[in-house]
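Asks:
Protein chains: 2
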Amino acid sequence: MARQVDVPALVESARKGAPRAVARLISLVEDGSPALRDIMAALAPYTGHAHILGITGSPGVGKSTSTNALVTALRKQGKRVGVLAVDPSSPFSGGALLGDRVRMQDHALDPEVYIRSLASRGHLGGLSAATPQAMRVLDAAGCDVILVETVGVGQSEVEIVGMADTTLVLLAPGMGDGIQAAKAGILEIGDVFVVNKADREGADSTVRDIRHMISLGDRTEPHLWRPPVLKTIADRMEGVEDVLEGIDKHMAWMTEHGELDRRRRARAAQEIEAIVLAQLRARMGDLRGGHGIGDLAAAVVAGETDPYRAADDIVAALS
Amino acid sequence: MARQVDVPALVESARKGAPRAVARLISLVEDGSPALRDIMAALAPYTGHAHILGITGSPGVGKSTSTNALVTALRKQGKRVGVLAVDPSSPFSGGALLGDRVRMQDHALDPEVYIRSLASRGHLGGLSAATPQAMRVLDAAGCDVILVETVGVGQSEVEIVGMADTTLVLLAPGMGDGIQAAKAGILEIGDVFVVNKADREGADSTVRDIRHMISLGDRTEPHLWRPPVLKTIADRMEGVEDVLEGIDKHMAWMTEHGELDRRRRARAAQEIEAIVLAQLRARMGDLRGGHGIGDLAAAVVAGETDPYRAADDIVAALS
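Residue numbers (the UniProt record's numbering), protein chains in the order written: chain A, 1 to 319; chain B, 1 to 319.
#1: Using a Cβ-Cβ cut-off of 8 Å (strictly less than) and excluding sequence neighbours within five positions of residue 36 of chain A, which residues of its own chain qualify?
#2: Return helix, strand or coil for residue 117 of chain A, following the three-state DSSP convention.
#3: For a contact meaning CB atoms closer than 7 Å, what does residue 305 of chain B contact in chain A?
#4: If contact means a Cβ-Cβ distance below 8 Å, which residues of the segment 271–283 of chain A contact chain B?
#5: Just reading off the alpha helix (DSSP H) that residue 318 of chain A is part of, what are its end residues?
#6: Could you confirm whether any beta carbon from chain B is found closer than 7 Å to the beta carbon of residue 167 of chain A?
#7: Beta strand (DSSP E) containing residue 63 of chain A: first to last residue?
#8: Taking 6 Å as the limit between beta carbons, can you name the residues of its chain near residue 92 of chain B, skipping five residues before and five after?
#9: Closer than 8 Å is the cut-off here; do at least three beta carbon pairs connect the segment 9–26 of chain A with the segment 132–150 of chain A?
#10: If you check the beta carbons only, do residue 9 of chain B and residue 141 of chain B fall under 7 Å apart?
#11: Using a 10 Å radius around the Cβ and a threshold of 16 neighbouring Cβ atoms, would you call residue 341 of chain A buried or exposed?
#12: For residue 50 of chain B, count neighbouring C-beta atoms within 10 Å of its own C-beta (all shown protein chains included) and say buried if the count is 16 or more, exposed if not.
#13: Where does residue 76 of chain B land, buried or exposed, given buried means 16+ other C-beta within 10 angstroms?
#14: Report yes if the C-beta distance between residue 61 of chain B and residue 198 of chain B is below 7 Å; otherwise report no.
#15: Looking at the secondary structure, which residues open and close the alpha helix (DSSP H) in which residue 240 of chain A lies?
#16: Nearest CA to the CA of residue 42 of chain B: which residue from A:315, A:314, A:300, A:313?
#17: Leaving aside the five residues before and after residue 211 of chain A along the sequence, list all residues of the same chain whose C-beta is less than 6 Å from its C-beta, in chain order.
#18: In chain A, which residues lie less than 8 Å from residue 248 of chain B when you measure between Cβ atoms?
#19: Any heavy atom of the ligand GTP inside 6 Å of the beta-carbon of residue 211 of chain A?
#20: Please tell me whether residue 25 of chain B has its Cβ less than 7 Å away from any Cβ of chain A.
#21: Taking 7 Å as the cut-off, decide whether the C-beta atoms of residue 303 of chain A and residue 305 of chain B are in contact.
#22: Return the residues of the segment 5–38 of chain B that lie within a Cβ-Cβ distance of less than 8 Å from chain A, sorted by chain order.
#23: Applying a beta-carbon distance threshold of less than 9 Å, which residues of chain A neighbour residue 261 of chain B?
#24: Does residue 149 of chain B come out as helix, strand or coil in the three-state DSSP assignment?
#25: Against chain A, does residue 308 of chain B count as a neighbour if the rule is that its beta carbon must be under 7 Å from one of theirs?
#26: So, residue 167 of chain A versus residue 191 of chain A, is the Cβ gap smaller than 7 Å?
#27: Checking 7 Å against the spacing of the C-beta atoms, do residue 260 of chain B and residue 145 of chain B come in under that value?
#28: For the candidate residues A:253, A:316, A:239, whose alpha-carbon lies nearest to that of residue 227 of chain A?
#29: Between the alpha carbons of residue 78 of chain B and residue 189 of chain B, how many angstroms are there, rounded?
#30: Determine the extent of the alpha helix (DSSP H) in which residue 25 of chain A is found, giving its start and end residues.
#31: Checking contacts by CB at 7 Å: is residue 55 of chain B closer than that to chain A?
#32: So what does DSSP say about residue 166 of chain B, is it helix, strand or coil?
#33: Under the rule that 16 or more other beta-carbon atoms within 10 Å means buried, what is residue 256 of chain A, buried or exposed?
#34: Considering only the alpha carbon of each residue, which of B:44, B:34, B:65 lies closest to residue 237 of chain B?
#35: Just mark residue 209 of chain A as buried or exposed, buried being the case when its beta carbon has 16 or more other beta carbons within 10 Å.
#36: Give me the chain A residues within the contact set of residue 315 of chain B, using Cβ-Cβ distance strictly less than 8 Å, ordered along the chain.
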């Protein structure tokens with residue numbers, strides 16, 4: 001028999017910041033527990049406080065080191081911090097490649113820092129399907145800032161824009177010149193750009209390149225946010241305070257211009273839509289079990305109908 | 001005013017193999033023409049003849065050269081051949097990176113060879129959303145074999161399995177040893193493995209590695225297909241006939257064991273499901289325009305409800 005989950009008690013403990021309750025709630029949402037809906041309903045009134053900070057960048061730019069440095073700087077300000085690290089996983093094995101190794105040991109014993117790795121489990125885009133729910137748990141647990149670190153190449157960088165209030169794009173000298181950044185689509189998604197490993201040759205020209213490319217974009221209207229391009233040496237904590245300042249300025253700008261609300265509503269709408277589609281997909285799965293889709297698929301293979309007419313039949317059956 | 005499309009006349013011309021009609025039909029389905037449904041309905045009775053051959057492999061293994069060589073060998077057998085080459089594209093620009101450059105000029109003037117590049121247009125997985133429809137056009141145009149070449153890394157290799165009757169995985173010496181292949185998940189998806197550039201050092205050990213890894217898998221039961229591992233030097237046409245023989249054997253095995261029908265029905269079911277989801281998504285978009293999702297998203301942001309309860313409301317409104 002599955003252990004009964006006492007949702008109200010668990011949420012109450014998590015709200016007081018009890019790490020074990022927070023960890024258990026994230027495990028429950030990640031595993032798609034039957035209690036998921038109750039948990040989400042119980043958390044709802046306590047969400048909306050945390051500033052969601054997405055951190056992305058190509059492998060090798062120092063994402064984990066930078067995340068670690070940001071956590072240190074945020075802790076100095078007395079902030080409670082959550083960290084969600086999303087691992088890539090094989091579409092076949094379903095397992096996380098990096099496993100559950102302890103990340104960021106500097107903060108492992110700090111009760112005001114919640115660190116969690118989420119497996120991406122084949123979810124297209126590199127972010128775990130459970131990421132928004134895990135963010136809600138950390139938000140309700142009183143985190144002031146939640147850092148979502150993606151092992152970001154390509155699609156996941158795109159997806160993180162929908163997840164975060166502020167997206168921080170990390171670069172390293174020589175890896176992220178302007179043209180490459182433009183090709184990778186990261187100019188469009190960054191709210192704050194950080195050139196890490198700034199003691200390396202080429203850091204200033206990378207900064208100039210990125211600034212130049214940004215100035216060529218359509219973000220130069222006075223009411224639009226102009227992303228700062230900053231330099232850090234994260235493993236020596238250099239420049240990290242400036243990054244926090246840039247992030248705070250972006251938050252203030254968003255609040256002033258109604259952009260924060262706009263982003264959060266768009267995010268909630270996307271999330272609702274994803275849940276609706278998942279439910280409809282499950283219903284279709286039932287139809288498939290009941291030979292609904294199977295018979296239609298056989299008719300398509302036989303050339304007796306086409307996929308569009310078959311789809312019409314399914315939509316009619318769902319409605 | 002948009003030009004009226006005479007679907008029956010166009011389909012009739014395409015069935016007779018007129019290249020311009022085939023090209024125009026593919027353009028119409030790729031652009032999501034209003035005539036798409038009529039076209040699909042008109043094509044349906046003439047589909048099911050072509051053998052769909054997916055070709056995938058990492059960049060640098062010689063995919064285009066191999067596709068070119070296979071077309072040459074198939075033409076020697078008197079087969080009519082279609083080629084769909086799917087280009088990667090930026091999720092932001094929506095444009096094909098490789099553009100519409102002429103591919104495989106060897107066959108550009110052969111009236112029995114239809115070659116077409118499809119842009120992937122940000123569709124997750126690297127295959128164009130129009131790929132199944134374009135395959136139907138080529139199928140109805142009397143192609144005996146349709147080669148679908150993906151610029152395949154990662155997700156698109158997974159997706160091609162659902163699209164093809166037979167999946168050919170290309171490797172090159174030193175790039176595709178067994179462990180790497182296992183990590184990339186390609187052992188599970190290949191029906192035929194080809195080590196191209198077999199004149200290079202390490203070809204035999206790559207073949208041995210792949211054979212060994214396959215023998216360790218769960219594909220050794222007598223009734224299951226045991227994928228051959230072949231060697232080619234595609235740019236010298238060496239070994240290409242053996243590859244065609246391997247492909248034919250796979251087709252014969254599938255037919256004998258009912259696997260061909262099973263795969264095609266699964267593919268049709270997936271396609272129907274994708275169309276249904278797209279339609280429901282469009283209806284949700286209407287709801288969003290009518291403030292249905294927008295209001296619910298605002299309530300989620302305000303903590304008044306949670307995404308699951310909001311989704312229930314939407315599902316109720318759709319049904």
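C-beta atoms are modelled at their ideal positions from N, C-alpha and C, and glycine is treated no differently.
Replies: The answer reads as follows:
#1: When the five nearest sequence neighbours on each side are left out, the beta carbons in the same chain lying within less than 8 Å of the beta carbon of residue 36 of chain A are those of 28, 29, 133, in order along the chain.
#2: strand
#3: The contacting residues are 44.
#4: 271, 272, 273, 275, 276, 277, 279, 280, 281
#5: 307–318 is the extent of the alpha helix (DSSP H) around residue 318 of chain A.
#6: no
#7: Per DSSP, residue 63 of chain A belongs to no beta strand (DSSP E); it is in the alpha helix (DSSP H), 63–76.
#8: Note that residue 92 of chain B scores 30 on pLDDT, short of 50, meaning its location in the model is unreliable; the coordinates nonetheless yield the value given after this. There are no such residues.
#9: yes
#10: no
#11: The requested residue 341 of chain A does not occur in the structure, where chain A is confined to residues 1 to 319.
#12: buried
#13: Around the C-beta of residue 76 of chain B, fewer than 16 other C-beta atoms lie within 10 Å, and the residue is accordingly described as exposed.
#14: no
#15: 240–256
#16: A:300
#17: Excluding sequence neighbours, residue 211 of chain A sits near 229.
#18: Under the 8 Å cutoff, chain A gives no residues; its nearest Cβ is about 21 Å from residue 248 of chain B.
#19: In terms of ligand content, the structure shown is empty, and the ligand GTP therefore cannot be addressed.
#20: no
#21: no
#22: 36, 37
#23: 298, 301
#24: DSSP places residue 149 of chain B in strand when its eight states are reduced to three.
#25: yes
#26: yes
#27: Residue 260 of chain B is not a Cβ neighbour of residue 145 of chain B, given a cutoff of 7 Å.
#28: A:253
#29: 29 Å
#30: 19–30
#31: So, not an interface residue.
#32: In this structure, residue 166 of chain B counts as strand in the three-state DSSP scheme.
#33: exposed
#34: B:65
#35: buried
#36: 276, 279, 280
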